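Those protein sequences? They're chains X and V, same order as listed. Counting along the first sequence from 1, when you hit position 26 you're at 25 in numbering that gives the first Met the number 0, and nothing is skipped either side. Counting along the second sequence from 1, when you hit position 202 you're at 201 in numbering that gives the first Met the number 0, and nothing is skipped either side. Ideal Cβ positions, reconstructed from N, Cα and C, are used throughout, including at glycine. In this text, all values refer to a predicted model and were calculated from it rather than measured experimentally. Report on the following structure.
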Amino acid sequence: MPRHSENKRFRAAGPGRQAKVFAGFFLGLALALCLGWRLFPALMYREIPQPVAFTHASHLELFDCADCHYLREDGSFSGIPGTEDCLQCHDTPRGDSRAEAEYIEKYATGEKKVPWLVHQKQPDNVFFSHAAHDIKSCQKMGCHPEWEEPEDLCGYCHPSVEALDQPAPYKENRLTGYSKSTMKMADCESCHANPDHRDLTAANNACFTCHK
Amino acid sequence: MKRRDFMKCAAGFSAGLGAGIAFSPLPWQLLDDISVWTQNWPWIPANPKGENTYELSTSKLCPSGCGLKVRLLNGRVLRVLPQAGHPLGGGISPLAAAEPQLLYSPSRLTTPLRRNSEGSHSPISWPEAKTLLLGKLEAAGEKLLCLCGDESGSGSAVLSAFLRARGSEKIFFMPSEAQCQSLAWQHARYADSSLPYSSQAGYDFEKADLVLAIGANIMEAWGTVMRNRRIVAEKGAEKGFPLYYAGPVQNQTAALAAGAGGGWLPIRAGSETSLALGLANVLARTHGKKLAHPAFAQIEHGLARFDPAHVSAVTGLGPRRLEEMCEKLAQAAAPLVVCGSEFGQGAGCGPALSGLLLNLLLRGPLTAVPLHTAALPGARGRADIYRGDIVRELTGWGGRPAADLAIFYEANPAYALPGAAALADKIRAIPFKLAFAPFMDETAALCDLVLPTPLGLEKLDDIESPLGCGKVFYALARPLAEAPGQCRHGADVILELAAALDMGLPANYEAVLRKKAQDMSLSWISLSRGQSFERPAPELEAADCDLSVFDKLLFRSLRAARGASSNGRRAGLAPLCRNALGTPQTGIPPFALKTLRAKELKGGEMYVFANSATARALGLYQDARVSVRAAGGNGNAVRNTGGNTGRAITARFNIFEGIADDCLGAYLGFGHSALDEYSRGKGANICELFSPEPEEGSGLMTWHKTEVTVEVVA
């Protein structure tokens with residue numbers, strides 16, 4: 000009589016015992032979710048401060064983004080301004096902040112390159128051209144009417160820094176050594192493999208488009 | 000809690016833990032990170048990090064002398080980019096782009112090699128090599144021969160001074176278009192052959208408002224290619240530029256001509272001179288383009304034979320298209336005609352002279368570019384060295400070689416001379432042979448002593464006014480990378496031998512270059528930083544020329560020459576030269592293999608091609624395996640080259656409509672039997688098919704009218 004005995008056993012478990020099973024389940028679930036969503040990311044990345052306490056917010060009061068980050072005539076992207084660019088204003092201390100003094104002492108005096116930690120730096124096997132990712136071509140297609148300024152497209156990949164008074168800390172993956180913000184292939188494919196883009200843009204999803 | 004309850008609670012906890020982890024990023028991100036981590040294990044090769052620096056230089060490897068902006072990382076050469084503002088630049092040629100890759104080739108020669116009795120080579124030290132060489136030089140006395148593969152540098156001046164001090168005048172360049180142009184120029188410019196030859200023809204593209212290239216593949220492999228491309232692109236940026244190309248194959252010049260606003264005039268292989276003279280005839284008779292000189296009556300008489308009907312029969316180009324071209328040339332304010340061999344060699348003086356005549360009639364922007372010779376006792380200028388002809392020299396030898404010691408300076412004659420195998424036998428018979436080579440090419444493999452030399456980015460050398468440039472040009476190639484192993488500049492080795500023999504030559508090659516720069520009033524400091532110099536050259540006037548040359552040399556050579564039309568199952572061979580296919584000394588750069596199409600090289604087999612009309616006439620079909628055989632020359636053919644009839648190559652056949660009727664196209668640069676895996680055993684060497692014949696008048700050996708027979712084989 001196996002069926003009879005199983006029913007008997009189930010009845011014997013009773014609501015109290017089932018509650019213990021569910022309690023254990025929810026306890027484990029809550030712990031795992033907490034571990035997976037909170038603790039693991041915190042453990043997986045270590046925060047490294049940027050070498051200079053640069054503030055985008057105060058610089059944007061004087062300049063536009065494109066004054067420092069622009070496409071050169073040959074199509075290459077200027078990236079982060081070099082020390083020689085910064086020295087146009089910071090050849091002598093501007094203000095008496097500790098960060099300014101440190102910058103002048105460590106980098107401006109000897110015209111040394113600031114070893115910025117680049118959040119979106121691509122791995123060696125990826126070729127990315129800012130010139131090819133131009134907002135004008137997006138506007139021409141009319142797919143994203145909400146993108147009006149070049150910064151709107153920049154913000155698709157780069158986090159907004161315009162309001163930051165301190166540089167966003169660089170989060171390095173302990174296992175891979177890459178930045179937390181480094182784009183993954185899936186991010187690239189959100190446009191390159193997007194069927195809505197097919198025949199509208201030059202976004203090609205062939206391997207050699209990005210991997211030279 | 001009972002044990003059973005505890006177990007149930009634990010089971011629920013585990014299930015919850017599992018479910019929670021599955022719904023968190025932990026396992027998925029960990030998997031992703033682990034996969035990335037494995038890619039970055041320290042023993043896996045990765046790009047080195049460091050500071051990028053850029054240095055300026057000029058390409059020594061690419062005959063166009065294009066400007067380089069060399070990218071280095073931590074001092075290691077990584078890449079070359081175009082150098083903005085370089086007089087011969089504007090882009091980067093495929094050959095120059097491959098230079099960094101060639102530097103790191105595992106096939107580089109790194110130590111002196113001595114050929115042993117079994118025919119293989121064994122390493123020896125430099126002192127051993129020097130002792131051996133001095134002994135052989137003493138024994139050879141004046142029976143020396145030198146073949147130089149570097150036309151634009153001062154290495155030839157060093158070699159000629161060395162040879163002259165040893166009592167030999169036998170220095171030659173590898174056959175080239177520059178030699179054909181130079182000899183034609185010398186005949187036209189210097190009626191008195193005892194005068195020192197010290198200039199060359201310059202093609203001033205900057206001033207031209209229409210360019211007609213006849214044969215000369217000026218956008219791909221003839222002369223200062225990158226400069227030509229830049230000028231045509233700049234001038235035609237808005238409305239296009241009238242660039243026309245007349246030649247047997249729709250090559251890059253033809254394609255760019257069609258794109259720029261000009262067009263392609265398909266003519267049979269080897270018929271460039273006839274077309275040029277046909278144009279000259281119509282321009283003189285119909286458009287009043289004449290020269291106010293008593294000798295012009297004789298020229299007109301010679302041109303009379305080249306009426307449109309005759310030219311059409313020889314070239315295959317309709318008379319109407321010929322007249323249309325004349326119309327355009329006559330209407331242009333500064334038309335420039337560049338006439339030469341479509342594969343950069345073997346055309347003799349005919350095409351260059353007929354091009355010169357056209358330019359004189361049209362008052363085209365030709366210049367006389369002065370050449371400077373390094374101030375060494377006994378050194379000969381390059382224009383003077385061009386008077387010698389290595390093909391004529393070797394074919395003139397009887398059973399015994401006329402030299403006991405031969406120096407092959409960055410030259411690969413065993414591969415690149417016409418009828419290569421036959422002439423390689425002549426070379427093999429020389430008692431002692433020395434090669435300066437960066438790779439073990441076909442000639443080095445024959446030599447008794449092989450000395451490793453640096454490549455263009457590893458040595459200090461100079462580039463002076465390459466073929467085709469319209470102004471005086473001078474620049475240095477700079478040593479930006481360290482040469483591997485024990486490589487040494489060939490010119491330095493020669494000067495060291497000269498010092499040991501008390502010849503009174505400078506101690507090293509740098510001293511030679513410094514003196515030359517000083518003589519040219521150029522700053523050595525600027526040159527050694529990579530700056531190039533350009534100076535205007537005087538324009539050429541008809542009064543500067545000996546106009547009797549056209550009757551004495553050009554028309555006489557044409558009276559003796561045969562036509563290049565197909566006869567039965569014969570076709571005119573139309574070789575195609577591509578910058579990307581490397582040089583005879585380097586072979587095909589690995590980069591370039593990727594650029595070859597499946598209908599150019601498939602596995603180890605190369606393709607030859609003809610249009611469908613010619614294919615029908617020859618009984619050929621797509622992808623057929625064919626045997627292409629040299630049909631041999633006429634009565635003037637040189638018979639002692641080892642028998643130039645009967646040599647054959649095997650290839651696949653491709654139908655390609657971008658080729659003139661009665662022509663069979665084939666690429667130069669394949670069929671190496673030496674060098675590395677990227678060059679060896681790929682296709683066949685069509686130099687084997689060339690049948691050299693002496694050109695009437697100039698005496699220069701020519702092979703641009705080679706005819707072949709083609710048969711389908713199993």
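Exposure of residue i, with buried meaning 16 or more beta-carbon neighbours within 10 Å
{"i": "V/Leu699", "result": "buried"}
{"i": "V/Thr640", "result": "Low local confidence applies: a pLDDT of 38 at V/Thr640 is under 50, so the model's placement there is unreliable, with the coordinate-based value given in what follows. When all chains shown are included, V/Thr640 counts as buried."}
{"i": "X/Tyr169", "result": "buried"}
{"i": "V/Pro307", "result": "buried"}
{"i": "V/Met439", "result": "buried"}
{"i": "V/Gly484", "result": "exposed"}
{"i": "V/Ser153", "result": "buried"}
{"i": "X/Val117", "result": "exposed"}
{"i": "V/Gly642", "result": "Summary for V/Gly642: the model assigns pLDDT 39, below 50, so the residue's position carries little reliability, and this model does not support an answer."}
{"i": "V/Trp263", "result": "buried"}
{"i": "V/Asn635", "result": "Caution applies to V/Asn635, whose pLDDT of 36 falls short of 50 and renders its modelled position unreliable; the model cannot decide the point."}
{"i": "V/Gly397", "result": "exposed"}
{"i": "V/Arg107", "result": "buried"}
Chain X contact for residue i (CB, 8 Å cutoff)
{"i": "V/Asn51", "result": "no"}
{"i": "V/Lys68", "result": "no"}
{"i": "V/Gly754", "result": "Because chain V in this structure spans residues 0 to 713, residue 754 of chain V falls outside the shown range and cannot be described."}
{"i": "V/Val35", "result": "yes"}
{"i": "V/Asn4", "result": "A small correction: the amino acid at residue 4 of chain V is Asp; Asn does not occupy that position in the sequence shown. True, the Cβ-Cβ gap to chain X drops below 8 Å."}
{"i": "V/Leu16", "result": "yes"}
{"i": "V/Asn250", "result": "no"}
{"i": "V/Ser13", "result": "yes"}
{"i": "V/Phe431", "result": "no"}
{"i": "V/Pro41", "result": "no"}
{"i": "V/Pro99", "result": "no"}
{"i": "V/Ala367", "result": "no"}
{"i": "V/Ala96", "result": "no"}
{"i": "V/Ala236", "result": "no"}
{"i": "V/Ala10", "result": "yes"}
{"i": "V/Leu25", "result": "yes"}
{"i": "V/Phe22", "result": "yes"}
{"i": "V/Asp32", "result": "yes"}
{"i": "V/Lys7", "result": "yes"}
CB contact below 8 Å: residue i versus chain V
{"i": "X/Leu116", "result": "no"}
{"i": "X/Met0", "result": "Residue placement at X/Met0 cannot be trusted, given a pLDDT of 45 that sits under 50; what the coordinates show is reported in the next sentence. Output row for X/Met0: interface = no."}
{"i": "X/Arg71", "result": "no"}
Proximity test, residue i beta-carbon vs the ligand SAM heavy atom, cut-off 7 Å
{"i": "V/Gly134", "result": "Summarising the ligand content, the structure contains no ligands, and the ligand SAM is consequently not present."}
Delimiting residues of the alpha helix (DSSP H) encompassing residue i
{"i": "X/Cys153", "result": "149 to 156"}
{"i": "V/Asn411", "result": "Element bounds for V/Asn411: n/a, residue is neither H nor E."}
{"i": "V/Cys179", "result": "176 to 188"}
{"i": "V/Glu168", "result": "Premise fails: V/Glu168 is in no alpha helix (DSSP H) and is neither H nor E."}
{"i": "V/Trp263", "result": "That residue, V/Trp263, is in no alpha helix (DSSP H); its beta strand (DSSP E) goes 262 to 265."}
{"i": "V/Val313", "result": "307 to 314"}
Residues that residue i contacts on chain A, provided the C-beta gap is smaller than 8 Å
{"i": "X/Asp123", "result": "Given the protein chain composition of this structure (X and V), no chain A is represented."}
Range of the contiguous beta strand (DSSP E) that encloses residue i
{"i": "V/Leu456", "result": "That residue, V/Leu456, is in no beta strand (DSSP E); it is neither H nor E in DSSP."}
{"i": "V/Lys432", "result": "431 to 436"}
{"i": "V/Leu71", "result": "66 to 72"}
{"i": "V/Ala212", "result": "209 to 213"}
{"i": "V/Gln38", "result": "Element bounds for V/Gln38: not the beta strand (DSSP E) but the alpha helix (DSSP H), 25 to 38."}
{"i": "V/Ile648", "result": "647 to 654"}
| Positions along the segment 34 to 49 of chain X whose CB lies within less than 8 Å of some CB in chain V | Within the segment 34 to 49 of chain X, the residues whose Cβ lies closer than 8 Å to some Cβ of chain V are Leu34, Gly35, Trp36, Phe39, Pro40, Met43, listed in chain order.
| request: Output the residue ranges of the alpha helix (DSSP H) runs that lie fully inside the segment 223 to 257 of chain V and measure 4 residues or longer, sorted by chain position. | output: 224 to 234
| request: Note down, one range per segment and in chain order, each alpha helix (DSSP H) of at least 4 residues found wholly within the segment 473 to 543 of chain V. | output: 489 to 499, 508 to 518, 523 to 527
| field | Near-chain V residues of the segment 14 to 33 of chain X (beta-carbon distance less than 9 Å), N- to C-terminal order | value | Gly15, Arg16, Gln17, Lys19, Val20, Phe21, Ala22, Gly23, Phe24, Phe25, Leu26, Gly27, Leu28, Ala29, Leu30, Ala31, Leu32, Cys33
| message | Beta carbons nearer than 7 Å to chain X: which residues of the segment 586 to 601 of chain V have them? | response | none
| said: At 3 residues or longer, what runs of the beta strand (DSSP E) sit wholly inside the segment 18 to 95 of chain X? | reply: 44 to 47
| Taking Cβ-Cβ distances below 8 Å as the criterion, which residues of the segment 170 to 185 of chain X are in contact with chain V? | Asn172, Leu174, Thr175, Gly176, Tyr177, Lys183
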